[in-house]
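Listed in order, the protein sequences are those of chains A and B. Note that the first sequence ends on residue 316 in this note's numbering; no numbers are left out. Note that the second sequence ends on residue 632 in this note's numbering; no numbers are left out. Quick reminder that beta carbons are idealized off the backbone N, C-alpha and C, glycines included. Computed from a prediction, not measured in an experiment: that's the story for all the values here. Below: the structure, in C-alpha cells.
Number of protein chains: 2
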Amino acid sequence: MRSSAPQADQGAHGPDLGDWKTSLEQRLAVHLSKPTAQAAAPAASQSLSRLQQAMRHGVLNGGKRARGLLVLAAATASGADPKDQGVLDVACALELVHAFSLVHDDLPCMDDDDLRRGQPTVHVAFDEPTALLVGDALQTLAFECLAERAGSAELTIELVGRLARATGGLGMAGGQAIDIAAVGQTLDQQELETMHRLKTGALISAAVEMGGCLGPRRQSDSHWMDSLGVFAQALGLAFQVVDDLLDASADTQTLGKTAGKDQAQGKPTFVSLMGLDQARTYARSLHDRALSALDHAGPEAMALRQMAQALTQRAY
Amino acid sequence: MRSSAPQADQGAHGPDLGDWKTSLEQRLAVHLSKPTAQAAAPAASQSLSRLQQAMRHGVLNGGKRARGLLVLAAATASGADPKDQGVLDVACALELVHAFSLVHDDLPCMDDDDLRRGQPTVHVAFDEPTALLVGDALQTLAFECLAERAGSAELTIELVGRLARATGGLGMAGGQAIDIAAVGQTLDQQELETMHRLKTGALISAAVEMGGCLGPRRQSDSHWMDSLGVFAQALGLAFQVVDDLLDASADTQTLGKTAGKDQAQGKPTFVSLMGLDQARTYARSLHDRALSALDHAGPEAMALRQMAQALTQRAY
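Set out below in C-alpha cells:
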C-alpha cells in the first residue's frame, strides 16, 4: 500500500526502516509542537495554535517518508549514525519541504484535491488561507530545522544551499511551473523527464546527496558523491514512472489520493507516452541503473538498496 | 509618497539611502536572473523563464525597500560596510521574504488585491498558480541568498535561523493567521499589537538585528543588540500605526495599493481602535522611543535614524 512504510528487511542484511520512520516522525512532531502561549496575547495565541495544528495535519498524516528515509539511508551509507539528532533534523527538513509542496499542490488554484494520504487535504480540513500559510510556514520550518541542527556550520550552510536550490525556481517550484504549462500538451520523453527531474527528482536527489554529505565517506571516497548522484537521478525518475503506473491502474482507496487524476486532467504521463508495458519495462531498467550505481558501495548501502526496492516495486 | 525611496539626507550627516537602494536593487536583479536554458529541455525552459519573469515582477516593481535598507543601516551602525556583497545579500534575503509575503497576501484567497506598488499584482499580471509558485520560490531564494553569501559560516547559520524564526509560524505567518481570524472582530490594543508584532514587526526586527550582527560592534558593545531590539520593536509598531493612518486617509493613487481596504474588510486597525488623533500621537511617541534607543549609538547610526524618520513620518 502506498501510504505504508517501505518494508523493512528484518534479517541480518539491513536496518529496520520502520524504526527509522518512527524516530523521524517523533522528531517531526517535536518541531511541530512549539509553545505558542508566550508568543502572543490570548486570542492571538489561539490563532497560532490553530495554524500549528493545521501544520501538523499537513505533515503528520501518514505518508511513506521516502525523502526523510533516503536521507537516513544515504547518511548510513556514508558512515553517519541515522539516530544522531543532527542527521534526523536533515531528514525532517526534507519531509517538511515535501509536505509544504503537497499542501500547496492540493490548493483549489493548483490540483484542487480533497484527499491526500487518505485524509482531507489541509484546505478542506481547515480553510484555504490557512492552507496557504501552512505551506509557507512549513517551508520556513525546514530551513529553521537545518539552521538549528547540531553539526558543523560549514556543512550546515552547504545543506541549506542544497535544499534551497532543489526547492526553488530552478528546482521543485520550476518543475511545478512546467507541469502547469504542460496540461493538455503532448510532451516528448525529453520534455517529460525534464519536468520530473525538477518537480520530484530535485528533492529526491537532494535527500540522497544531503544524506551522503553527513558521514566521513565523502572525504575518503572520491567517487562517493558522484555515485549517489547517479543513484538518486535514476531512482527519482523510476519513482515517477511508478507513480504514473499506479495512477493509471490503482484505485483511490489503495492510492490514498484521487486515482486517475493525471489522465482526467490531461497531464502527460509516462503511461500516456509509452503505454503500460513499456512504462513497466522502463521502471525496471531505471531501478537496475540505480542499483548499479551502488555496486561498490558495500553493505553500508543496504538501506539505500532497500529504499530503491520499496519505492520502485510498489504494487502496480 | 509611499512607493518612493526614503528621502536621503544629502548633507554631511548621513549616507545617501538612494544610492543604497540602487545597489540593493541591482543585487536583487542578479539573484533573479539565473540562466534557465541549461536546466531544461526547450519547452520546459520557457516555463522556467516565465516563472522567473513573474518572480521579477513580484520583487522589482518599486517599493520602498524598507527592510533591505534597515539591514544596510544597521550593518553600517555596527561597523560593517553596506557595499560589501555579503552584507547586500542579507538585505536581499529580507526583501525577498517581504516580496514573497506580499505576493501570497494579494492572492484571491487572502486579500484578493489587484494592485500593489501601483502595478497589477502577480496573479493578475500572470495567473494564480504562477503567483503561488512565485511566492514559494521567492522564500526559497531568500535562504539561497543567505547560504551563498560571502562571510563566516557560523554567522550565516545564525542569520538563517533568525530569518526563519521571523518568517514562520511564530513570526510573520503566525501574524497573518491572527490577522485572518481578526476580520470582523474587536481586538483590544494588546491583541492588535501582538498581531502586528508578528505580522510585520518580526521581519522589521529581523532586518535590524540581522544587520546589527554583521559588524564588529556586536562584540565590542554588550548593549548593542539589546538597543537594536528596542529600536526595531518600537519602529515596527510605529510603521504599522502609520500604515493604518495612511490607509484611513490617503487615496489609492498616492498609496500605490487599494486605499481604505482594511476598513472595508472590517479589519481592526489602530485608527478604528483609538481614532485618528490619538493614533497620530501614538505614532510620534513610538518614533521617539525608537530614537531614544539609539541615544548612545553615535554618528554611525545616522542612517538608522534617517530610516526611522522616513518610515514613520510619511505623509498622513
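**Q.** Host alpha helix (DSSP H) of B:Met526 (start-end)
**A.** 518 to 528
Q: For chain A, find out if any of its Cβ atoms is closer than 8 Å to the Cβ of B:Thr437; answer yes or no.
A: no
(Q) Please classify A:Gln139 as buried or exposed, where buried requires at least 16 neighbouring CB atoms within 10 angstroms. (A) buried
(Q) For a minimum of 3 consecutive residues, which ranges assigned as the beta strand (DSSP E) are wholly contained in the stretch 482 to 556 of chain B? (A) none
Q: Can you give me the Cβ contacts of B:Trp540 inside the same chain, cut-off strictly under 6 Å, excluding the 5 residues immediately before and after it?
A: Arg533, Arg534
Q) How do the stretch 501 to 516 of chain B and the stretch 150 to 166 of chain A stand: do at least 3 beta-carbon pairs fall below 8 Å, yes or no? A) no
Q. When you check each C-beta in the stretch 265 to 282 of chain A against every C-beta of chain B, which residues fall closer than 8 Å?
A. none
Q: Mind checking which residues open and close the alpha helix (DSSP H) that includes A:Gly135?
A: 128 to 147
**Q.** Extent of the continuous alpha helix (DSSP H) run through A:Lys21
**A.** 17 to 31
Q: Could you tell me whether any Cβ in chain B is nearer than 8 Å to the Cβ of A:His31?
A: no
Q: State the start and end residues of the unbroken alpha helix (DSSP H) segment that holds B:Ala390.
A: 382 to 393
Q) Listing by chain order, which chain A residues have their CB less than 7 Å from the CB of B:Cys425? A) Glu128, Pro129, Leu132
Q. So with Cβ pairs under 8 Å, would you call B:Ile496 a contact of chain A?
A. yes
(Q) Would B:Thr510 pass as an interface residue toward chain A - the criterion being a Cβ-Cβ separation below 8 Å? (A) yes
(Q) If distances are taken between C-alpha atoms only, which option among B:Leu553, B:His420, B:Asp405 comes closest to B:Ala345? (A) B:Asp405
**Q.** Where A:Leu60 falls: helix, strand or coil (DSSP)
**A.** coil
(Q) Per DSSP, what are the beta-bridge partners of B:Arg432 in this structure? (A) B:Gln435
(Q) Quick check: is the beta carbon of B:Ser320 nearer than 8 Å to any beta carbon in chain A? (A) For B:Ser320, the predicted structure reports a pLDDT of 46, less than 50, and the residue's modelled location is therefore unreliable. A value from the coordinates is still provided. No, B:Ser320 does not count as interfacial toward chain A.
Q: Give the residues of chain B in contact with A:Gly47, contact being defined as C-beta atoms less than 7 Å apart.
A: Strictly speaking, residue 47 of chain A in this sequence is Ser, with Gly absent from that position. Residues of chain B passing the Cβ test: Ala493, Ile494, Ala497.
Q: State yes or no: is the beta carbon of A:Met302 nearer than 8 Å to at least one beta carbon in chain B?
A: no
(Q) Any beta carbon of chain A sitting closer than 8 Å to that of B:Ile473? (A) yes
Q) What separation, rounded to the nearest whole angstrom, lies between the Cα atoms of B:Thr502 and A:Pro42? A) 14 Å
Q.
Below 7 Å on C-beta distance, what does A:His104 contact in chain B?
A. Leu448, Asp452
(Q) Give me the chain B residues within the contact set of A:Gly168, using Cβ-Cβ distance strictly less than 7 Å, ordered along the chain. (A) Ala453, Thr456, Leu457, Glu460
Q.
Please state whether the Cβ-Cβ distance between B:Leu348 and B:Val387 is less than 8 Å.
A. no
Q | Of the listed residues B:Ala613, B:Gly582, B:Ala554, nearest to B:Arg630 (C-alpha basis) | A | B:Ala554
**Q.** Cβ neighbour criterion (16 or more within 10 Å) applied to B:Ala321
**A.** Only weak support exists for where B:Ala321 lies, its pLDDT of 47 falling under 50; the value from the coordinates is given anyway. That one is buried.
**Q.** Nonlocal neighbours in the same chain, by C-beta distance under 7 Å from B:Ala498, ignoring five residues either side
**A.** Met511, Lys583, Pro584
Q. Within 8 Å (strictly less), CB to CB, does B:Leu412 reach chain A?
A. no
Q) Are the beta-carbon atoms belonging to A:Ala177 and B:Thr437 less than 8 Å from one another? A) no
Q. Which chain B residues are close to A:Ala319, counting only those with a beta carbon under 8 Å from its beta carbon?
A. Past the boundaries of the shown model lies residue 319 of chain A; chain A is included only from 1 to 316, so the question cannot be answered.
Q) Can you find a CB in chain B that lies within less than 8 Å of the CB of A:Thr186? A) no
Q: Measure the beta-carbon distance from A:Leu132 to B:His420 and round it to whole angstroms, keeping in mind my assumption that it falls under 8 Å.
A: 6 Å
Q. Do B:Gly552 and B:Gly591 have their CB atoms nearer than 8 Å?
A. no
Q.
Using 8 Å as the cut-off, can you tell me whether the stretch 274 to 294 of chain A makes contact with the stretch 239 to 248 of chain A, which would need three or more C-beta pairs spanning the two stretches below that distance?
A. yes
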